[in-house]
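One structure is given here, and the rest of the page talks about it.
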Amino acid sequence: MKRLLLVLFAGLVLAGCATTGEDPLAPKTVNSVNLKRYQGTWYELARLPMYFQRNCAQSEARYTLKPDGNVAVYNRCLTADWQWEEVKGTAYPQVPGKTDKLWVEFDTWFSRLIPGVAKGQYWVLYVSDDYKTALVGDPSRRYLWLLSRTPTVNGVVREELLSKARQQGYDTTRLIWRASDQQMAKTSN
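Numbered by mature numbering (1 follows the signal peptide of the UniProt record, and there is no 0), the letters in the sequence shown go through residues -20 to -1, 1 to 169 in order.
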């Protein structure tokens, strides 16, 4: 678990090194996210490969709005050998008052040792009107998450999310898809 957290923070440090200035070539965000509606559980349908998630077969995130306006983050992933790995953190606006571009900082020994260094960019690129699906990425386009309030979506919704990601310049051919419960059951036998 310590190795997972160390690798997680190495990735976040690198992601956090990207500039936050306005880049006309950067992905376009939604401009505003209603964090009250955004809170709750989101299931990862697919992701662009991230080293610290390399063993994850199924991942989910739970967001809870805090009294100070920031967001408590609880991420967990189920590995192919049925082990849960989890990490907690906080998301907060990169620009005060703007909710589409957030910093995420996880609570580990490393972040406590050197506060503010290990943070990653969480850009909300799309959220459906009913807050049931979302696309989240980073400005480098190396990381992307297709999220849903349910572990699966129908083909139309899936294609809509993929189309939106491609329009933003993300390489969707490299996506790693969530393992189905049936796939997980087969690996345990």
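Backbone N, C-alpha and C fix where the C-beta goes; we use that ideal spot for every residue, glycine too.
First through last residue of the beta strand (DSSP E) which encompasses residue i
{"i": "Ser128", "result": "124 to 128"}
{"i": "Tyr72", "result": "64 to 73"}
{"i": "Leu82", "result": "81 to 86"}
Whole-angstrom C-beta distance between residue j and residue i, which should lie under 8 angstroms
{"i": "Lys81", "j": "Val75", "result": "7 angstroms"}
{"i": "Val51", "j": "Thr70", "result": "7 angstroms"}
{"i": "Thr152", "j": "Arg158", "result": "In fact, because the Cβ distance is near 15 angstroms, the residues do not count as touching under 8 angstroms."}
Bridge-paired residues (DSSP) for residue i
{"i": "Val107", "result": "Ala114"}
{"i": "Glu24", "result": "Leu127"}
{"i": "Lys144", "result": "For Lys144, which the question treats as bridged, DSSP gives no partner whatsoever."}
{"i": "Thr59", "result": "Cys36"}
{"i": "Ala52", "result": "Thr44, Thr70"}
{"i": "Ile156", "result": "Arg27"}
Cut-off 6 angstroms between Cβ atoms - residues of its own chain near residue i, not counting five sequence neighbours on either side
{"i": "Trp125", "result": "Glu24, Arg27, Val116"}
{"i": "Ser128", "result": "Tyr23, Leu25, Thr113"}
{"i": "residue 185", "result": "Any question about residue 185 goes unanswered here, given that the chain covers just -20 to 169."}
{"i": "Gln19", "result": "Tyr43, Thr44, Leu45"}
{"i": "Thr(-1)", "result": "With a pLDDT of 47 at Thr(-1), under the threshold of 50, the predicted position of this residue should be treated as unreliable, and no value is reported."}
{"i": "residue 172", "result": "Outside the displayed range of the chain (-20 to 169) lies residue 172, so it cannot be described from this structure."}
{"i": "Cys(-4)", "result": "Its pLDDT being 42, under 50, Cys(-4) is placed unreliably by the model, and nothing is read from it."}
{"i": "Tyr72", "result": "Asn50, Trp83"}
{"i": "Asn35", "result": "Thr59"}
Same chain only: Cβ atoms within 8 angstroms of residue i, ignoring 5 sequence neighbours per side
{"i": "Met(-20)", "result": "Bear in mind that the predicted position of Met(-20) carries a pLDDT of just 47, short of 50, making it unreliable; the figure below should be weighed with that in mind. Taken in chain order, the residues that qualify are Glu65."}
N-terminal and C-terminal residue of the alpha helix (DSSP H) that residue i is part of
{"i": "Ala37", "result": "Element bounds for Ala37: not the alpha helix (DSSP H) but the beta strand (DSSP E), 36 to 45."}
{"i": "Arg17", "result": "15 to 18"}
Own chain partners of residue i with C-beta closer than 7 angstroms, once the 5 adjacent residues on each side are dropped
{"i": "Lys16", "result": "Leu45"}
{"i": "Tyr111", "result": "Arg17, Tyr18"}
{"i": "residue 170", "result": "Given a span of -20 to 169 for the chain in the structure shown, any question on residue 170 remains unanswerable."}
{"i": "Arg(-18)", "result": "Summary for Arg(-18): the model assigns pLDDT 47, below 50, so the residue's position carries little reliability; its value from the coordinates is reported in the next sentence. If we look at Arg(-18) and ignore the five residues flanking it on each side, it has no Cβ neighbours."}
{"i": "Ser12", "result": "Thr79, Asp80"}
- Message: With three or more beta-carbon pairs closer than 8 angstroms as the criterion, would you say the region 101 to 109 touches the region 118 to 133?
- Response: yes
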